[in-house]
Structure formats: C-alpha cells, structure tokens
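Enquirer:
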Amino acid sequence: MTAARRVAVVAHFDAEGLLTEFTRRLLDELLLQAERIVLVSTRLAYEQAMGLDPRITVIVRENVGYDFYSFRTGIFAVEALYSYDELIIANDSVVTIDQGGIGKAFAQMRDVECDVWGMTESLQVSRHLQSYFLVFRKSAFFTHYFDRFWRNVRVLDDKWEIILSYEVGLTQWLLSHGAKIGVAYRPDATAKRVAAARIKRKRLREGVNALIAAPSKQGVLQANPAHYHWDELYRRFGFIKSEVLREDPNGVLDVELASVIPDADARAMIEREVARMRQTRKNIMPIVTGDDSPASDELERYGVGAINAESLSSRFAIVLHLFHIDLIDSICAYMRNVIVDYDVFVSVKSISDRRIAVRYFQEHKIRASVFIHPNIGRDVGPFISLLNTGLLDRYDAVCKIHSKKSVYHDGGGQWRDDLMKALLGSSFDVLRVLRAFDDHPACGIVGPESAYLSNGRFWGGNEERLRVLAAETGIEEKRIRLGFFAGTMFWFRPAALSALRARSIGLSEFDPEAGQRDATLAHVIERLFVLWVEQAGFFAATTRSPNAALRHESYENQGIFVLPS
Numbered sequence: 009m010t011a012a013r014r015v016a017v018v019a020h021f022d023a024e025g026l027l028t029e030f031t032r033r034l035l036d037e038l039l040l041q042a043e044r045i046v047l048v049s050t051r052l053a054y055e056q057a058m059g060l061d062p063r064i065t066v067i068v069r070e071n072v073g074y075d076f077y078s079f080r081t082g083i084f085a086v087e088a089l090y091s092y093d094e095l096i097i098a099n100d101s102v103v104t105i106d107q108g109g110i111g112k113a114f115a116q117m118r119d120v121e122c123d124v125w126g127m128t129e130s131l132q133v134s135r136h137l138q139s140y141f142l143v144f145r146k147s148a149f150f151t152h153y154f155d156r157f158w159r160n161v162r163v164l165d166d167k168w169e170i171i172l173s174y175e176v177g178l179t180q181w182l183l184s185h186g187a188k189i190g191v192a193y194r195p196d197a198t199a200k201r202v203a204a205a206r207i208k209r210k211r212l213r214e215g216v217n218a219l220i221a222a223p224s225k226q227g228v229l230q231a232n233p234a235h236y237h238w239d240e241l242y243r244r245f246g247f248i249k250s251e252v253l254r255e256d257p258n259g260v261l262d263v264e265l266a267s268v269i270p271d272a273d274a275r276a277m278i279e280r281e282v283a284r285m286r287q288t289r290k291n292i293m294p295i296v297t298g299d300d301s302p303a304s305d306e307l308e309r310y311g312v313g314a315i316n317a318e319s320l321s322s323r324f325a326i327v328l329h330l331f332h333i334d335l336i337d338s339i340c341a342y343m344r345n346v347i348v349d350y351d352v353f354v355s356v357k358s359i360s361d362r363r364i365a366v367r368y369f370q371e372h373k374i375r376a377s378v379f380i381h382p383n384i385g386r387d388v389g390p391f392i393s394l395l396n397t398g399l400l401d402r403y404d405a406v407c408k409i410h411s412k413k414s415v416y417h418d419g420g421g422q423w424r425d426d427l428m429k430a431l432l433g434s435s436f437d438v439l440r441v442l443r444a445f446d447d448h449p450a451c452g453i454v455g456p457e458s459a460y461l462s463n464g465r466f467w468g469g470n471e472e473r474l475r476v477l478a479a480e481t482g483i484e485e486k487r488i489r490l491g492f493f494a495g496t497m498f499w500f501r502p503a504a505l506s507a508l509r510a511r512s513i514g515l516s517e518f519d520p521e522a523g524q525r526d527a528t529l530a531h532v533i534e535r536l537f538v539l540w541v542e543q544a545g546f547f548a549a550t551t552r553s554p555n556a557a558l559r560h561e562s563y564e565n566q567g568i569f570v571l572p573s
C-alpha cells in the first residue's frame, strides 16, 4: 500500500511567544506522518522560529479569531493542497509527552472507512469531533462544502459562537453533506466506569444529593473525553490536554501523576510547564468577552447535557425559555394554574440569570431544571437542544412558552399575556387541554386560537428555506402549506415531533442573532411545527376546541397585530 501524502496545519499561541518543548515534540511527531507543516501562530517570538525543520512554514498573524481562524489561514496557505491525500489540523492545547502516540492513532485509523477522523468526539451540545486534532481525507477536503466552510470562517470573539459555529458546527456541516466520521479513542467499559465515578465525585462536591449524584449512561457519554478520560488518552496516545493539568476544572486529577507517568524527568518537566502556564495565563486576553458569559466548564456543569434524567418523574412538563429574567414572576403566576404534577425545564442565557432563576424556583418550591444556553435561535434554539436530548420523550404533553417581548410592536407584552392566558390562563383551561391529550391519542399540538395563521402573506421570507427543511424531514412537497401558531407557544405531544428530533438540528445551523425580524431558521421552524405534527399522523387543535382538529381554511382572514404582514 502506498503511504498517504499528508500536510498539517498547526495553530499556536503562547503568552510569552515560546515554542515549548512539548509543542516542539508535537511538531516532531507530526513530521513523522506529514510531509510539511504550516505553523500559524498568534504570538511567536522571532528567535523561537529559528532553526526549525525546513519542512515547517511559519506564519505569524494578528491575535484575533482564535484557533479556527489560524486553521483557516493555514489551510489556504498550503501549496497544492489538492496533491495531498490527507490534511491534518491540530493545535497546541495538548501536552505531548511520549513519542509515537500520534503514529499509533494513524495506524489504528488507517483501514477505518471514514472521510474525517479525530482523536476524540464529544456529545456536548451536538455530536462533534474535538478540534484539537482532526484528519481530513481527500474525500472530505477536496470538496466544495469543505472549501465553503473555511471561506465562511470569520473572526469571532465570543466563545459560545466559536464553539457552536466552528467546534460543533464543523462536524455538523460535514455530516449534513454526507461525510463519514471516525474517532481514534473509544472508551471501553472500564474507562466509562472511571468517568462515571469522576462525574459522581464532582456532583457530590457541588452539593448534589448522594442518591442522585451518579450519572446516567447518557451523562457519562456526554462527559468531555479529553478531561474525564485524560489518563487513558495518555496511555494510548501519549498526550494530556493542557487545561486538565493547568486548571482541572472538573476535578479529574484524582490519581497521582506518578502512577500514570512513571518517568520522573518527564513529570518534572510537566510540572515546570504547568507552573509557567498558570503564571502567564493571568495576562492572556479572556476568551469570552464579558464577565457573565459562560465558559466551557460551565457549559458542561450547567448546560442542557447536565440535566439529571432521574430527577424527572411526571407525565407533563413546561419548557420555558427565560431570556428576559425580569418576567420570571409574571410567567410563574401563569404556571401556578397547572395543578397536576409537572416537571419544569428553564433555559437562561447567562450564569447570573441562572442564579436568579434557581433561587426563585427554590424559594417558590418549584421543581425546575435550569440550564444555560447561548443566545442562539431565540426560544427555538434552546427548545431544539432540549428536544434533541430525548428528555421530553417521556411526557404525554408539554407546554412550550417563553418570555417574549416583541421587537415589532409596542404591544408585544400584551401579545405575550394573550398567549399565556390561552395556554395557562386558569386551572380549568389547563385541565381541558390535558384531558384532550389523554382522551385523543391523535392530538399532537394545541395552540392559542388567536395565534393560528394560514394566510400566505405570513410566509415572509421563509418559504424557500422551509421547503428545503420540510423535504429533509420527509414532508412531501404537495403537503406543504402555511399554517402555524405565531409566537411558538403551545402544548404538544413529544411523539408528534419525531421528525424534528430525527433531523437533530444543530445550533450551528441557526443564524447569528442580529435582531432579525424574519427569514431566520427560528422563523422557518416556527412555521413547520404543525406540518411535522400532521406528518406524524397527529392533528393540530386550538385551545378553544382542543378535542378536534382545527379547520385550516377557517383562519385565512386571521392576522396578528404585532406581526408585519
């Protein structure tokens, strides 16, 4: 078999402009696999580049855009990329300790049928290969969609947007274009048990009751493998993520380093480098702008993936996106009209909002799972993230609401109250809707009577994009028509949205928030809920007549005073 021709792009940053011994070892390891390396640094002292292997091309650029912009710079700097069989992208966020680890990964993956592979994959937010080490085969990088992804990479300073658009978004983009994904590290049963024990210890430290501290199988799978499997990754591939050694945000360094790395000289070298990183990191520009933005460890600790499924026990639930935290009291006043037992899921946009919400629900004795979600997709983005976890599958009926403040009209507050009153206005109204779900297994969605729109003037700029997503989710062209509950507040049966969940829309697919009034993915999805329900064999109804399917043609002349038409 002819050896694959490879080229590598490596993203580098060091607060002191150094190429450390560990980074040099990474480069040496890569040169055993690749013919050339393009090293793109956002801070590299001139003398540090002297004497490097002539196969390494060095580019020093402005310190903006983080690793993905360095990857972009390097990829477009590769001469005759088409002549290579494989493209490696890597960064210096790992401490490369042993020789030969990268070679082991290539040997392991040589005969694996895939277009792209990484050292590890994560299930946080959506399935994605972790970007510190990726290998693209020609079937992936010599494509229009690969080129389009990297040409669209731009300078971002918000870590959430970077994670969603690029870290998660790259894998989701590849999968959406039919690329096959592979991964070098797959934990065995023993590694999973070790990770489960580490997660449990972390939860106990955070004050979680010992009876529910043990993670579910899904919780173990969603744990960051580069952290929770750090020692096994070292044994197999000879590296440890720098963040684990430097900060250990998840408390996973629960064994003596000597028991993992027996070489005393190697340990001493690691300890010196960790001490240096801790000192110099104090002067590094924060990766997230604003003190209140969630960081990666907070995503794991407080994101949707951290919800404990074992704490859920009801037949019914409320899903609330609380973007406007000041509305918590008025919204909860409506929720009190649900007099049956129910679970509550609440998405918020920041750490401080989470603290406020958790304190409020505790004081009012409301059992709520509060999770942080980036400001992506408005109320629809957090809902999709929750739906994709499968946590809603257990419920017979769920009420989706949010703290709407219309940007279109000064009457947005009144509209929100009108929708809330229709869905949660009284105990009688709520029980009437829940009875409809119980009495009619085909009842799939119940929305406010006054919010249903079917006149073509409400397509806005969404029709073309809607038809694409409809086709992707199995809706026949002839069945597409406009009919939706404006405002995306309604009761629904989770089984009726099986097509939406199967599509597994990633947050990276949503449009960046820019105050848009129309034509975003969130607006498209708003107009598809009823079609998905009907496609699955269920019917749509209104709060006025929840026991019978609504007559679509009856709403042709209805409008909403806060929506442009």
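Residue 573 is where the sequence shown ends in the numbering used here, and the numbering goes up by one at each step.
Positions of the beta carbon are idealized from the N, C-alpha and C atoms, including for glycine.
Predicted model, so just to flag it, every value in this text is computed and none were measured.
#1: Three or more C-beta pairs closer than 8 Å, one from the segment 175-185 and one from the segment 96-109: is that the case here?
#2: Beta strand (DSSP E) containing G452: first to last residue?
#3: Do you know how far the Cα of D426 is from the Cα of R80?
#4: List the endpoints of the continuous alpha helix (DSSP H) containing F157.
#5: Buried or exposed for L142, please, with buried defined as at least 16 other CB atoms from any protein chain shown within 10 angstroms of its CB.
#6: Taking H410 as part of the beta strand (DSSP E), name the residues at either end of that continuous run.
#7: Let's test the definition: count the other Cβ atoms within 10 Å of the Cβ of P233 and tell me whether it reaches 16, buried, or not, exposed.
#8: How close, in whole Å, do the beta carbons of W540 and L505 come, if the pair is a contact with beta carbons under 8 Å?
#9: By how many angstroms is the C-alpha of A42 removed from the C-alpha of R209?
#10: Opposite V191 in the DSSP bridges: which residues?
#11: Which residues does DSSP pair with K249 in a beta bridge?
#12: Alpha helix (DSSP H) containing S360: first to last residue?
#13: So, are the CB atoms of L461 and S411 less than 7 Å apart?
#14: Whose C-beta lies closer than 7 Å to the C-beta of I292 among residues of the same chain, with five residues either side of it excluded?
#15: Can you list the alpha helix (DSSP H) stretches of 4 or more residues lying completely in the segment 25-110, in chain order?
#16: If you drop the 5 nearest sequence neighbours on each side, which residues of the same chain put their C-beta closer than 6 Å to that of R206?
#17: In whole angstroms, what is the alpha-carbon distance linking D401 and S322?
#18: Excluding five sequence neighbours on each side, which residues of the same chain lie with their C-beta closer than 6 Å to the C-beta of V72?
#19: Within its chain, find whatever has a CB closer than 6 Å to the CB of V346; leave out the 5 residues flanking it on each side and keep chain order.
#20: Buried or exposed for P223, please, with buried defined as at least 16 other CB atoms from any protein chain shown within 10 angstroms of its CB.
#21: Could you pull out every unbroken beta strand (DSSP E) segment of at least 3 residues lying fully inside the segment 312-400, listed in chain order?
#22: Expressed to the nearest angstrom, what Euclidean distance is found between the alpha-carbon atoms of V129 and W238?
#23: Among V354, R386 and I392, which has the Cα closest to the Cα of I374?
#24: For F547 versus A450, is the C-beta spacing smaller than 7 Å?
#25: Tell me the DSSP secondary structure of R475 in three-state form.
#26: Sort A557, F21 and F30 by Cα distance to R275 and report the nearest one.
#27: Suppose contacts are defined by Cβ-Cβ distances below 7 Å. Is A527 in contact with G469 by that definition?
#28: Any beta carbon of chain D sitting closer than 7 Å to that of F379?
#29: Based on the DSSP output, what are the partners of N550 in its beta bridges?
#30: Helix, strand or coil, according to DSSP, for R140 in the structure here?
#31: Should Q138 be labelled buried (16 or more other beta-carbon atoms within 10 Å of its own) or exposed?
#32: Return helix, strand or coil for R145, following the three-state DSSP convention.
#33: Taking N463 as the reference, which of T198, Y403, D196 and F492 has the closest Cα?
#34: Helix, strand or coil for V120, going by three-state DSSP, please let me know.
#35: Could you compute how far the alpha carbon of L219 sits from the alpha carbon of S319?
#36: Closest by CA to A197, which one among I513, V228, G482 and L35?
Expert: Well, looking at it:
#1: no
#2: For the purposes of this step, residue 452 is identified with residue 444 of the sequence shown, where counting begins at 1. From DSSP, the beta strand (DSSP E) with G452 extends over C451 to G455.
#3: As a first step, residue 80 must be located in the sequence shown, where it is residue number 72. As a first step, residue 426 must be located in the sequence shown, where it is residue number 418. For R80 and D426, the distance between alpha carbons rounds to 48 Å.
#4: For the purposes of this step, residue 157 is taken as the residue at position 149 of the sequence shown. Start and end: H152 to N160.
#5: Taking the sequence shown and counting its residues from 1, one reaches residue 142 at position 134. That one is buried.
#6: In the sequence shown, residue 410 corresponds to position 402, counting from 1. H410 -> beta strand (DSSP E) spans A405 to H410.
#7: If you number the sequence shown from 1, residue 233 lands on position 225. Buried: at least 16 other Cβ atoms inside 10 Å.
#8: As a first step, residue 540 must be located in the sequence shown, where it is residue number 532. As a first step, residue 505 must be located in the sequence shown, where it is residue number 497. Yes, W540 and L505 are in contact; Cβ-Cβ is about 6 Å, under 8 Å.
#9: Your numbering for residue 209 matches position 201 in the sequence shown. Your numbering for residue 42 matches position 34 in the sequence shown. So the two alpha carbons sit approximately 41 Å from each other.
#10: The residue given as residue 191 occupies position 183 in the sequence shown. Answer is G126.
#11: On the sequence shown, position 241 is the one that residue 249 refers to. Answer is V102.
#12: Translated into positions along the sequence shown, residue 360 becomes position 352. Taken as a continuous stretch (DSSP letters only), the alpha helix (DSSP H) holding S360 covers I359 to E371.
#13: Residue 461 sits at position 453 when you count from the first residue of the sequence shown. Residue 411 sits at position 403 when you count from the first residue of the sequence shown. No, the pair does not count as a contact, with Cβ atoms beyond the cut-off.
#14: Locating residue 292 in the sequence shown gives position 284, counting from the first residue. A caution first: I292 carries a pLDDT of 43, below 50, which makes its placement in the model too unreliable to give a value.
#15: 29-39, 54-57 and 74-85
#16: Along the sequence shown, read from residue 1 onward, the residue named residue 206 stands at position 198. Same-chain partners within the cutoff: Y236 and V260.
#17: On the sequence shown, position 393 is the one that residue 401 refers to. On the sequence shown, position 314 is the one that residue 322 refers to. So the alpha carbons of these two residues sit roughly 12 Å apart.
#18: As a position in the sequence shown, residue 72 is number 64, starting the count at 1. Here the set comprises V163.
#19: For this step, residue 346 is matched to residue 338 along the sequence shown. Once the five neighbours on either side are set aside, the close Cβ partners of V346 are V438.
#20: Position 215 of the sequence shown, counting from 1, holds the residue named residue 223. P223 is buried by the Cβ-count criterion.
#21: 324-329, 350-356 and 376-380
#22: Counting from 1 along the sequence shown, the entry for residue 129 is found at position 121. Counting from 1 along the sequence shown, the entry for residue 238 is found at position 230. Reading off the sequence, residue 129 comes out as Glu, not Val. Between E129 and W238, the C-alpha separation is close to 13 Å.
#23: Position 366 of the sequence shown holds residue 374. Among V354, R386 and I392, the Cα nearest to that of I374 is on V354.
#24: Taking the sequence shown and counting its residues from 1, the one referred to as residue 547 is at position 539. Taking the sequence shown and counting its residues from 1, the one referred to as residue 450 is at position 442. Yes, these two residues count as a Cβ contact at 7 Å.
#25: Here the question's residue 475 lines up with position 467 in the sequence shown. DSSP places R475 in helix when its eight states are reduced to three.
#26: Taking the first residue of the sequence shown as position 1, residue 275 is located at position 267. Of A557, F21 and F30, the residue nearest in Cα terms is F30.
#27: Against the sequence shown, residue 527 aligns to sequence position 519. Against the sequence shown, residue 469 aligns to sequence position 461. Yes.
#28: Protein chains in the displayed structure number just one, and chain D is not present.
#29: To locate residue 550, count along the sequence shown from 1; it is residue 542. Correcting the residue identity first, residue 550 is Thr in this sequence and not Asn. DSSP output for T550 lists G455 as bridge partner(s).
#30: On the sequence shown, residue 140 is found 132 positions in, with the first residue counted as 1. Just to set this straight, residue 140 is Tyr in the shown sequence, not Arg. Coil.
#31: The count along the sequence shown starts at 1 and reaches residue 138 at position 130. Result: buried.
#32: Here the question's residue 145 lines up with position 137 in the sequence shown. In the structure shown, R145 sits in a strand (DSSP, three-state: E or B).
#33: Residue mapping note: residue 463 aligns to position 455 of the sequence shown, counting from 1. Nearest of T198, Y403, D196 and F492 to N463, Cα basis: F492.
#34: Start at 1 with the first residue of the sequence shown, and residue 120 comes out as number 112. Looking at V120 - three-state DSSP - the assignment turns out to be coil, as it is neither helix nor strand.
#35: Here residue 219 refers to the residue found at position 211 of the sequence shown. Here residue 319 refers to the residue found at position 311 of the sequence shown. The straight-line gap from Cα to Cα measures roughly 10 Å.
#36: Translated into the one-based positions of the sequence shown, residue 197 becomes position 189. The candidate whose alpha carbon is nearest that of A197 is V228.
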